[in-house]
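Counting in this note's numbering, the sequence shown runs from 5 upward without gaps. In this text, a Cβ means the ideal position worked out from N, Cα and C, and glycines have one as well. Take a look at the structure set out below.
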Amino acid sequence: MFSFATDHRPSAPSAKQVFVYENDNVDSDFVCSICQEPLVDPVVEPECRQMFCRECLGAWLMKSSSCPQCRQPTALARVMLPPRFVTARLDDLRVVCPSCGCSYARKSLHEHVAACPACMQPPLHFISGHFLSSRWAWDPVCGLGCGSRVAPGGEKRHEDEECTAKVVACRAAEVGCEFTAPRGRMPEHEEKCPLNTLRVVVLHQQETIEMLTRSLEEMTTWRNQQSREIDTIKHDVVIDRSRSSSLGQAGEPLSSASAAPVFAAGSGRRVLRGARRRGGH
Numbered sequence: 005m006f007s008f009a010t011d012h013r014p015s016a017p018s019a020k021q022v023f024v025y026e027n028d029n030v031d032s033d034f035v036c037s038i039c040q041e042p043l044v045d046p047v048v049e050p051e052c053r054q055m056f057c058r059e060c061l062g063a064w065l066m067k068s069s070s071c072p073q074c075r076q077p078t079a080l081a082r083v084m085l086p087p088r089f090v091t092a093r094l095d096d097l098r099v100v101c102p103s104c105g106c107s108y109a110r111k112s113l114h115e116h117v118a119a120c121p122a123c124m125q126p127p128l129h130f131i132s133g134h135f136l137s138s139r140w141a142w143d144p145v146c147g148l149g150c151g152s153r154v155a156p157g158g159e160k161r162h163e164d165e166e167c168t169a170k171v172v173a174c175r176a177a178e179v180g181c182e183f184t185a186p187r188g189r190m191p192e193h194e195e196k197c198p199l200n201t202l203r204v205v206v207l208h209q210q211e212t213i214e215m216l217t218r219s220l221e222e223m224t225t226w227r228n229q230q231s232r233e234i235d236t237i238k239h240d241v242v243i244d245r246s247r248s249s250s251l252g253q254a255g256e257p258l259s260s261a262s263a264a265p266v267f268a269a270g271s272g273r274r275v276l277r278g279a280r281r282r283g284g285h
């Protein structure tokens with residue numbers, strides 16, 4: 005018989021800390037091949053169709069990228085849900101409360117703990133293992149129908165990253181694929197989608213185009229800056245020339261050596277404009 009931890013010291017989560025089953029003869033098809041306990045929140049690996057506890061498979065895939073059963077590459081996002089009768093049968097397994105000894109259906113754990121006087125006494129360490137760490141008993145079920153329990157406040161993250169029931173678009177949607185399906189079925193489509201094969205090439209070309217566009221923008225900015233500097237220089241030259249011309253027209257004194265000779269009116273004598281008469285002449 006599977007048993008709970010009986011001491012009050014914290015310990016690492018373990019499936020054997022979860023339930024005391026009335027009957028040890030659980031069908032082997034409903035036992036997780038990783039923790040060797042009746043499945044909790046079961047998922048199906050698509051390659052070999054083997055069922056695992058969601059948390060067990062997730063922990064396994066943190067250390068390995070292959071299925072523990074068939075050794076084929078897999079990911080938690082690719083798993084599927086088992087038929088409803090599987091989860092129904094697991095939920096109906098009879099378990100024994102380790103505090104009061106009464107028997108109840110496994111699916112009723114939350115209601116039992118809330119009502120059982122013995123369970124109200126601390127510590128509740130005996131349910132802090134695999135079952136509770138997966139939050140399966142305490143959290144509401146995903147509203148999209150994937151069957152997962154979702155912690156309050158984690159609904160959006162679950163739907164955006166994990167929910168196998170959420171309808172998502174093919175990764176090749178950005179290059180023209182219009183196929184949509186629940187996330188759990190999408191890997192099968194993407195393996196065969198011809199546009200998904202071209203997606204990598206198209207994305208590489210897009211990155212190249214974006215890089216060239218940025219380079220062109222930088223060159224255009226540099227050219228405009230150079231044009232502004234040239235216009236500023238031209239403007240300064242025009243101003244300098246205008247100032248020089250204005251000074252010449254204002255009648256600056258000219259030296260006697262450069263004075264232009266002119267003839268005095270009514271006389272045949274030449275005189276220098278602006279020259280002083282010397283000695284009364």
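Same chain only: Cβ atoms within 7 Å of S70, ignoring 5 sequence neighbours per side: Q76, P77, T78, listed in sequence order.
Is DSSP giving T225 helix, strand or coil here? Note: T225 maps to helix in three-state DSSP.
Would you grab the beta carbon distance between T184 and V171 for me? Rounded to a whole angstrom, and I think it's under 8 Å. 5 Å between Cβ atoms; contact.
By how many angstroms is the C-alpha of T217 removed from the C-alpha of E211? Spanning the two alpha carbons is a distance of roughly 10 Å.
Nearest by alpha-carbon distance to A169: which of R232, V47, N29 is it? Taking only the C-alpha atoms, the option nearest A169 is V47.
Taking the alpha carbon of D45 as the point to measure from, which residue in Q230, E192, F34 has its own alpha carbon closest? If you compare the alpha carbons of Q230, E192, F34 with that of D45, the shortest gap goes to F34.
At a cut of 8 Å, does the region 224-231 reach the region 193-207 through at least three beta carbon pairs? No: fewer than three Cβ pairs fall under 8 Å.
Count the other CB atoms within 10 Å of the CB of V266; is the residue buried (16 or more) or exposed (fewer)? In this prediction, V266 has a pLDDT of 46, which is less than 50 and means its spatial position is unreliable; nothing more can be read from the coordinates.
Taking the straight line between their C-alpha atoms, what separation do you get for C146 and N228? For C146 and N228, the distance between alpha carbons rounds to 57 Å.
Between P191 and the rest of its own chain, which residues show a CB-CB distance below 6 Å, the 5 nearest in sequence each way excluded? The answer, listed in chain order, is R82.
Taking the alpha-carbon positions, what's the C60 to P198 distance? In this structure, the CA atom of C60 is about 34 Å from the CA atom of P198.
Give me the DSSP bridge partner(s) of A185. DSSP output for A185 lists V172 as bridge partner(s).
What separation, rounded to the nearest whole angstrom, lies between the Cα atoms of G188 and M215? Cα to Cα, G188 sits roughly 35 Å from M215.
What three-state label does DSSP hand P198 in the structure shown? Under the three-state reduction of DSSP, P198 is assigned to helix.
So is V241 buried or exposed if we call it buried at 16+ other beta carbons inside 10 Å? Burial call: exposed.
What's the call for R110, buried or exposed, on a 16-neighbour Cβ count within 10 Å? Buried: at least 16 other Cβ atoms inside 10 Å.
Spell out the partners DSSP gives R153 in its beta bridges. V145, per the DSSP bridge assignment.
Are C36 and C52 close, meaning C-beta to C-beta below 8 Å? Against a cut-off of 8 Å, the Cβ pair of C52 and C36 comes out as no contact.
D95: which of P42, E195, I213, K196 sits nearest, CA to CA? Nearest of P42, E195, I213, K196 to D95, Cα basis: P42.
Which of the three DSSP states is assigned to V44 in this structure? V44 falls in the coil class under three-state DSSP.
So F112 and R98 are in contact, right, with Cβ under 8 Å, and what is the actual spacing, rounded? Just to set this straight, residue 112 is Ser in the shown sequence, not Phe. That pair is no contact at about 10 Å.
Going straight from the alpha carbon of P186 to that of H162, what length do you get? P186 and H162 have their alpha carbons spaced roughly 14 Å apart.
Confirm the yes/no value for this check: CB of A173, any heavy atom of the ligand MG, distance under 7 Å. This structure does not include the ligand MG; it has no bound ligands of any sort.
Closest residue to R93 among S250, V30, A119 (Cα-Cα distance): Answer by Cα proximity: V30.
Identify whether M215 lies in helix, strand or coil by the three-state DSSP scheme. Helix.
Cutting at 7 Å between CB atoms, please list the residues of its own chain near E194, excluding the five before and the five after it. Hits under 7 Å: C174, R175, N200.
Measure the alpha-carbon distance for G158 versus C104 and round it to whole angstroms. Rounded to the nearest angstrom, the two C-alpha atoms are 33 Å apart.
Delimiting residues of the beta strand (DSSP E) encompassing R98: Note, R98: beta strand (DSSP E), 98-100.
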